[in-house]
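Input: a single structure, listed below in structure tokens.
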Amino acid sequence: MQHRIIGNTMPVLEIGLDNGEKVFAESGELAWLSSTVQMQTSTSAGGQASGFFATLGRVISGGSLFMTEYTTEGGPGTVTFATKMPGQIQRLDVSPEMTYMVHRHGFMCAVNGVQLEVGFQRKFGAGVFGGEGFTMQKISGQGIAFVELYGEVITYDLAAGETMRCLPGFCGMFEQTVTMSVTTVPGLANKLFGGDGIFLLALTGPGKIWLQSMTLPNLAHAISPYLPDEK
Numbered sequence: 023m024q025h026r027i028i029g030n031t032m033p034v035l036e037i038g039l040d041n042g043e044k045v046f047a048e049s050g051e052l053a054w055l056s057s058t059v060q061m062q063t064s065t066s067a068g069g070q071a072s073g074f075f076a077t078l079g080r081v082i083s084g085g086s087l088f089m090t091e092y093t094t095e096g097g098p099g100t101v102t103f104a105t106k107m108p109g110q111i112q113r114l115d116v117s118p119e120m121t122y123m124v125h126r127h128g129f130m131c132a133v134n135g136v137q138l139e140v141g142f143q144r145k146f147g148a149g150v151f152g153g154e155g156f157t158m159q160k161i162s163g164q165g166i167a168f169v170e171l172y173g174e175v176i177t178y179d180l181a182a183g184e185t186m187r188c189l190p191g192f193c194g195m196f197e198q199t200v201t202m203s204v205t206t207v208p209g210l211a212n213k214l215f216g217g218d219g220i221f222l223l224a225l226t227g228p229g230k231i232w233l234q235s236m237t238l239p240n241l242a243h244a245i246s247p248y249l250p251d252e253k
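Numbering (my numbering), first residue to last: 23 to 253.
What follows is the structure, encoded as structure tokens:
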């Protein structure tokens, strides 16, 4: 399998498959594909767990109920996936020793052998007070995966015990060695009048984290004055 990431602001991922090679993605990710690429959609495409709780967990984490597997027949072919927001596409080398936690709409596609499931979920009003809430996808298994991060991407290599705090929507991805916990903004005045939400994510090393500069709630807030009023 070969791949290239084309573009900067709204990049696309083009994957070249040799005859018989496979890649899978969530429903709705496809942009275009060559005539030699065949599609097969099911709840277990790409070797994903298809039991009730496994499928439910994938949906809760922001994934889709159905997955689509792309396979070449009769010769090599290409399949292309497009980003949904301005941002970047990141390649991940997934192994039993290195799994990743990704924001709930981050997974793009992967080769067979990679597993997608719910990684972390926090309730108690997190969706109201913490922007996008605290649900993340876990990418594990063995193989290559691709994820989409929004806006500009800033990475930090945290030392053991070093902590970075961020609002939930700005947490794009982190390695399995990083510990995530939920804390609150300090100070009553900050909680009531700060305008930045109540909850913060505390990411503690060792490990690498990817923070993204754009969030869906911030984008929606920025464009809402320009949307027509529905009457």
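Virtual Cβ for every residue (Gly too), placed ideally from N, Cα, C.
Could you have a look at residue i and say whether DSSP puts it in helix, strand or coil?
{"i": "SER246", "result": "helix"}
{"i": "LEU189", "result": "coil"}
{"i": "GLY216", "result": "Note that GLY216 scores 44 on pLDDT, short of 50, meaning its location in the model is unreliable; the coordinates nonetheless yield the value given after this. DSSP places GLY216 in coil when its eight states are reduced to three."}
{"i": "LYS230", "result": "strand"}
{"i": "LYS6", "result": "Any answer about residue 6 is impossible in this case: the structure gives the chain only from 23 up to 253."}
{"i": "MET130", "result": "strand"}
{"i": "GLU139", "result": "strand"}
{"i": "ALA53", "result": "strand"}
{"i": "ASP251", "result": "coil"}
{"i": "MET202", "result": "strand"}
{"i": "GLN24", "result": "strand"}
{"i": "GLY153", "result": "Residue confidence is low: GLY153 scores 43 on pLDDT, short of 50, so the model does not pin down where it sits. Its coordinate-derived value is still stated next. Note: GLY153 maps to coil in three-state DSSP."}
{"i": "VAL116", "result": "strand"}
Let me check one thing: in DSSP terms, what residues is residue i bridge-paired to?
{"i": "MET123", "result": "LYS160 and PHE196"}
{"i": "MET61", "result": "TYR92"}
{"i": "THR177", "result": "TRP232"}
{"i": "GLY109", "result": "TYR172"}
For residue i, count the other beta carbons within 10 Å of its own beta carbon; 16 or more makes it buried, fewer makes it exposed. Which is it?
{"i": "PRO250", "result": "exposed"}
{"i": "ILE231", "result": "buried"}
{"i": "GLN110", "result": "buried"}
{"i": "HIS125", "result": "buried"}
{"i": "GLU174", "result": "exposed"}
{"i": "GLN24", "result": "exposed"}
{"i": "ILE245", "result": "exposed"}
{"i": "GLN62", "result": "exposed"}
{"i": "GLU154", "result": "For GLU154, the predicted model reports a pLDDT of 44, less than 50, meaning its position is unreliable and no value from the coordinates is stated."}
{"i": "GLU91", "result": "buried"}
{"i": "ALA211", "result": "Since pLDDT at ALA211 reaches only 46, below the 50 mark, its modelled position is unreliable, and no value is offered."}
{"i": "THR226", "result": "buried"}
{"i": "ILE161", "result": "buried"}
Going by DSSP, what residue range makes up the beta strand (DSSP E) through residue i?
{"i": "GLU36", "result": "34-39"}
{"i": "THR237", "result": "From DSSP, THR237 is part of no beta strand (DSSP E); its letter is neither H nor E."}
{"i": "THR102", "result": "99-104"}
{"i": "GLU170", "result": "165-172"}
{"i": "GLY183", "result": "Premise fails: GLY183 is in no beta strand (DSSP E) and is neither H nor E."}
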